[in-house]
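Trainee: The structure that follows is given in the form of structure tokens.
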């Protein structure tokens, strides 16, 4: 082998394994499935930095938005005040509806009416009879009359028995006529109700040959003023305008007249200048058809 000019012998191929190894690009050999150590750490750092940057960006964005909203609220409120929304009309609440200030006469009568009993001042009234003639209670009492009021319903069997099975009321009207006693029948039935109406009462008066006035109280005002609830229900009013007796006609609610006529006894007491012995009894009969 020839010496080099420097006095060293150049190595021959194959004499030095390290020098004879082919050059590899990069400082380390790539291993399948793995990155070089320094490359993996770099990627992780880049990812971490990106996350940190993104988080910082989000924080800044939220802060900016919050500041913007806070700054915009006064302007929004001012804008709303300057331009109020149109209010849509709403249906009035039932509770807010104005109450009817016009008094209901029927309800008012029901509310104010107190039971009329013996000793009560008899409510005054004016009512027409079947011929249209007006009858005023106070005119009769001022004229020294004792007045007997009977609540009447021609279709009530408790009334009919005193005309069909006996002549209780006709006899009373006749027997006391010359003693300044007046008997008045009052029908407080509303139009269309049982036993009510001019024609029905005219027929009853003709059939039963009633000799005393039958008065029509179709509004029920007089009946309610007296708190009348039954037919027949009786009131005896003395010449001073006070109720001397209130209750049933007699002591038997069956289909036959009773043995004791409470009204006749009360009249006899009054005419004799005595106090009425039995002032109150429980009336029986049909309900008044208001």
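Numbering (my numbering), first residue to last: 281 to 570.
Quick reminder that beta carbons are idealized off the backbone N, C-alpha and C, glycines included.
Among all the DSSP beta bridges, which residues are the ones paired with residue 401?
Mentor: According to DSSP, residue 401 bridges with 522.
Trainee: Quick one: using the 10 Å Cβ neighbour count with 16 as the cut-off for buried, is residue 557 buried or exposed?
Mentor: exposed
Trainee: Between the Cα of residue 437 and the Cα atoms of 537, 398, 491, 560, which residue gives the shortest distance?
Mentor: Checking every option, the nearest Cα to that of residue 437 belongs to 537.
Trainee: Could you tell me the distance, in whole angstroms, from the CA atom of residue 421 to the CA atom of residue 527?
Mentor: 20 Å
Trainee: Quick one: any contact between the region 499-509 and the region 450-461, if contact means 3 or more CB pairs under 8 Å?
Mentor: no
Trainee: Express the C-alpha separation of residue 468 and residue 428 in angstroms, rounding to a whole number.
Mentor: 16 Å
Trainee: Can you give the Cα-Cα distance for residue 494 and residue 511, rounded to whole angstroms?
Mentor: When rounded, the distance between both Cα atoms is 13 Å.
Trainee: Hey, how far is the Cα of residue 550 from the Cα of residue 509?
Mentor: 25 Å
Trainee: Measure the alpha-carbon distance for residue 485 versus residue 565 and round it to whole angstroms.
Mentor: Each residue's alpha carbon lies about 19 Å from the other.
Trainee: Return the bridge partner residues of residue 416 from the DSSP annotation.
Mentor: 406
Trainee: Would you check if the distance between the CB atom of residue 522 and the CB atom of residue 543 is smaller than 8 Å?
Mentor: no
Trainee: Check whether the Cβ atoms of residue 448 and residue 529 sit closer than 8 Å, and answer yes or no.
Mentor: yes
Trainee: Give me, in chain order, the residues of the same chain whose beta-carbon lies closer than 8 Å to that of residue 445; leave out the 5 immediate sequence neighbours on both sides.
Mentor: 535, 536, 537
Trainee: Given residue 424, which residues of its chain have a CB within under 8 Å of its CB, disregarding the five upstream and five downstream residues?
Mentor: Contacts found: 460, 519.
Trainee: So, with DSSP's three-state summary, where would you put residue 530?
Mentor: strand
Trainee: Taking only the alpha-carbon atoms, compute the straight-line gap between residue 269 and residue 476 and give it to the nearest angstrom.
Mentor: Because the chain spans 281 through 570 in this model, residue 269 falls outside it and cannot be assessed.
Trainee: Quick one, are the C-beta atoms of residue 492 and residue 470 less than 8 Å apart?
Mentor: no
Trainee: Can you name, in chain order, every residue of its own chain whose Cβ lies under 7 Å from the Cβ of residue 554, other than the five neighbours on each side?
Mentor: none
Trainee: Express the C-alpha separation of residue 488 and residue 463 in angstroms, rounding to a whole number.
Mentor: 15 Å
Trainee: Can you tell me the Cα-Cα spacing of residue 552 and residue 545, whole angstroms?
Mentor: When rounded, the distance between both Cα atoms is 11 Å.
Trainee: Going along the chain, which residues of its own chain have a beta-carbon closer than 7 Å to the beta-carbon of residue 410, five neighbours each way excluded?
Mentor: 478, 481, 482, 485, 494
Trainee: What's the gap between the Cα of residue 414 and the Cα of residue 404?
Mentor: It is roughly 13 Å from the alpha-carbon of residue 414 to the alpha-carbon of residue 404.
Trainee: What beta strand (DSSP E) runs, 3 residues minimum, are completely inside the region 474-504?
Mentor: 494-496
Trainee: Just verifying my parser: in three-state terms, what is the DSSP assignment at residue 446?
Mentor: coil
Trainee: What's the gap between the Cα of residue 416 and the Cα of residue 563?
Mentor: In this structure, the CA atom of residue 416 is about 25 Å from the CA atom of residue 563.
Trainee: Would you call the CB atoms of residue 560 and residue 398 closer than 8 Å?
Mentor: Taking 8 Å as the Cβ cut-off, residue 560 and residue 398 qualify as a contacting pair.
Trainee: Does DSSP put residue 354 in a helix, a strand or coil?
Mentor: Only weak support is given to the placement of residue 354: the predicted model assigns it a pLDDT of 45, under 50, and the value that follows is read from those uncertain coordinates. In the structure shown, residue 354 sits in a helix (DSSP, three-state: H, G or I).
Trainee: Short check: CB of residue 540 to CB of residue 531, under 8 Å?
Mentor: yes
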